[in-house]
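Asker: Would you mind keeping the following structure in view while I ask a few things?
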Amino acid sequence: MEITWQPNPQSPIPLYQQISTYCRQQIQQGNWLVGEKLPAQRQLAQQFGVNRSTIVTALNDLQADGVLISAHGNGTRVASNTWSLALDWHHYLDGQFNANLPTIQTINRLENENYLRLSTGELAPELFPQKLVQAKLRAITPQVTQLNYLEPLGALNLRQALVKRLQHWQIDVQPENILITSGSLQALELISVALLKPGATIYTEAATYLNSLQVFQSAAATLTGIPQDDAGLCYWQLPASTTTQQLLYTIPSFQNPTGSVMTQQRRHDLLQFAEKHQLPIIEDTAYQDLWLETPPPLPLKALDRAGNVLYLGTISKVLAPGLRLGWIVGPTAVIRRLSDVKMQTDYGASSLAQQLLAALLADSAYDDYLTELRQQLRQRRDAALASLKDYLADVATWQVPRGGFYIWLKLKPTINMEQLFQAALKRHILFNPGSIYGADHALRLSFAYASPAAFRRGIAELAELIKRA
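Below, the structure written as C-alpha cells:
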C-alpha cells in the first residue's frame, strides 16, 4: 500500500481527522480494496509524518465506523464497507492473465522513481540518436496527410525496409511474410493465444527472460527449462515427443539474461533436430545487432529450409522501446492467422511510429548510428567489468559478454539474494535477481542504462552489503 500524502499541520482540523478522512477517500475511490492490509502503525506514522499516537486515534476512529478491522496477528485490514457504494473489486482481480511475480512488480513500480537501476534492459537516454530521429520526423512530416488504420500486416514500406535489412542476415522473405507488432511482447502474446492450445509445453533455456513474464502461463502453457553448455542450448535433452503441443523459444544471440551465444554448428544441429521432430521454434533476435567485437553466427531463420522458425525482431533494444514496434517473420499462413488476431486486439501498431521507423531503416545514417552505439556499449561493458573485478571478484563469477546489454553474475550460494535485494532497495538501488529468470544465487546486470560512474558506485554499495551479510 503506497502512501505519499501527508496531513497539513497548519489546518484547524485535527491531524487524526485528516488522516481518517484520507483513508475513507482511498477506500471509497477503490484505491484501497476490501481485505487489503494496512502497513504497521510505526510505518504509517512515518509515511504520514505524525507520531504513533495520532495513528492509533485515526485507526480507532475508522474501526469504530466499521471501515477497518483489526485481528491479533493479522494486522489491520480494510473491512467490508456497508457505509458506501464502493465496488468490491476483489471479485474481479483474479482474471485469466496471471499476476506478475512480486519482485518484478516492485521493480516495475520503482524503476521510474529515484533509484539507481543496475539491471534495466534498455538504452540510457543519452544514447538515443536525438538528432537523427528529429531529422527523420521533420522529413516525414509532409508525407503525413492522414493517420488512418493501416493494412493488417502493417505499413508496406516498413515491411519492405525490413526485407532489405533481413537480407543482411541472409534471410530471404517477402513483405507478406512479415507482421508488424507493438513490440516483441505483443508478438509473444499473439503466438500464445493464436497458435497454442491449453496444456502446450514451451521449452526455453534454463535461465530465461520468459520466466519474468506470464504471457504463456496465462494461456495455460507450461515453461520447461533446458540446460545450456558453452555452445548453447542442449537440444538433445528435450523430452521425447508427447501428445501435447510443443514449441521451443530461444534467444541464440546474446541471450537474456546470461548473454550466451549459440555456435553456428549448434544452430545447424538444433534445426535438424527440430525438423526431424516437427518442433516449431520461436527465435528472439532482440539483441542480434548489438554485437561488440564480431557479429554473431547467422540466425536460425537464415538456415531454416522447412519453415520451422518464427523470427521475432524489435526496435526496442537498438533504438527506443517507446516506439513500441516489433515484427514476426514466418510462413504466410501463420502470419495471416496472427494478423487476424492482432486486428481483433488493437487494429495495428502506431501509424506514425511505423512511418518513422521505415524512414530510419532506409537511411545509411542509421547504420552509422549502430556503429557508434556498439562502440559506446563496448566502452560501457569494459568499465562495468572493471568495476566488478575491483569490488566483487571474491564473491562472484561472470563471463565477458560479446554483445547485448547484460552481465550474468553468479554469487556464492551462502549469499541470501532476497535479503540482498531488500537491503539494496533501502539504499535506492534496483537490480534483477536471478530468481525471476528461474535461477538461484545469480543476478542480471546491465551496462546499457546506468552511466559507468553510477554503475561503479552501485557495485561498490552492493559489495558492501554482501560483506555485511
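For the sequence shown, position 189 matches number 189 in full-length UniProt numbering, and the numbering has no gaps at all. Even glycine gets a Cβ: it sits at the ideal position worked out from N, Cα and C.
(1) Do the CB positions of Ser-253 and Gln-288 come within less than 8 Å of each other?
(2) Reducing DSSP to helix, strand and coil, say where Glu-122 ends up.
(3) By how many angstroms is the C-alpha of His-72 removed from the C-alpha of Glu-36?
(4) Along the alpha helix (DSSP H) that carries Val-329, what are the first and last residues, could you check?
(5) Compare the beta carbon distance of Gly-121 and Pro-296 with 8 Å and say whether it is the shorter of the two.
(6) Which residues bound the alpha helix (DSSP H) around Ser-184?
(7) Just to confirm before moving on: does the CB-CB distance between Leu-118 and Phe-431 stay below 8 Å?
(8) How would you label Gly-49, buried or exposed, when you count the other beta carbons within 10 angstroms and need 16 or more for buried?
(9) So, using beta-carbon positions, are Ile-282 and Tyr-249 closer together than 8 Å?
(10) Anyone know if the C-beta pair for Glu-189 and Leu-153 falls short of 8 Å?
(11) Considering just the uninterrupted stretch of the alpha helix (DSSP H) at Glu-70, what are its terminal residues?
(12) Are there 16 or more other CB atoms within 10 angstroms of the CB of residue 535, so buried, or fewer, so exposed?
(13) So, does the segment 62-72 touch the segment 20-30, judging by three or more C-beta pairs under 8 Å?
(14) Please confirm whether Tyr-235 has its beta-carbon closer than 8 Å to some beta-carbon of chain C.
(15) Can you give me the C-alpha to C-alpha distance between Arg-378 and Leu-292, rounded to a whole angstrom?
(16) From this set, Ala-306, Thr-285, Asn-256 and Gln-237, which residue's C-alpha is nearest Glu-275's C-alpha?
(17) Report buried or exposed for Ala-469, applying the criterion of at least 16 other Cβ atoms within 10 angstroms of its Cβ.
(18) Using a Cβ-based criterion (distance less than 7 Å to any ligand heavy atom), does Ala-240 qualify as near the ligand GTP?
(19) Which runs of the alpha helix (DSSP H), 4 residues or longer, sit entirely within the UniProt domain "HTH gntR-type" (13-81)?
(20) So, using beta-carbon positions, are residue 475 and Ala-206 closer together than 8 Å?
(21) Note down the Cα distance separating Asn-74 from Ser-212, rounded to an integer number of angstroms.
(22) If you follow the beta strand (DSSP E) that Lys-426 is part of, which residue opens it and which one closes it?
(23) Per DSSP, what kind of secondary structure is Arg-305 in: helix, strand or coil?
(24) Bridge partners of Glu-283, per DSSP?
(25) Between Trp-408 and Gln-419, is the Cβ-Cβ spacing less than 8 Å?
(26) Could you check if Ile-429 is buried or exposed, using at least 16 other CB atoms within 10 Å of its CB as the buried criterion?
Answerer: Taking the definition as stated:
(1) yes
(2) coil
(3) 16 Å
(4) Per DSSP, Val-329 belongs to no alpha helix (DSSP H); it is in the beta strand (DSSP E), 326-329.
(5) no
(6) 184-194
(7) yes
(8) exposed
(9) yes
(10) no
(11) First, the residue type needs correcting, since residue 70 is Ser and not Glu in the sequence shown. Element bounds for Ser-70: not the alpha helix (DSSP H) but the beta strand (DSSP E), 68-71.
(12) This structure does not reach residue 535, given that the chain is present from 1 up to 469, and the question cannot be answered.
(13) yes
(14) The displayed structure is made up of one protein chain only, and chain C is not part of it.
(15) 6 Å
(16) Ala-306
(17) exposed
(18) Absence of the ligand GTP is noted for the structure shown, with no ligands found whatsoever.
(19) 15-28, 41-48 and 52-64
(20) This structure gives no information on residue 475, because the portion of the chain shown stretches from 1 to 469.
(21) 30 Å
(22) Not the beta strand (DSSP E): Lys-426 falls in the alpha helix (DSSP H), residues 417-426.
(23) coil
(24) Thr-250 and Tyr-311
(25) no
(26) buried
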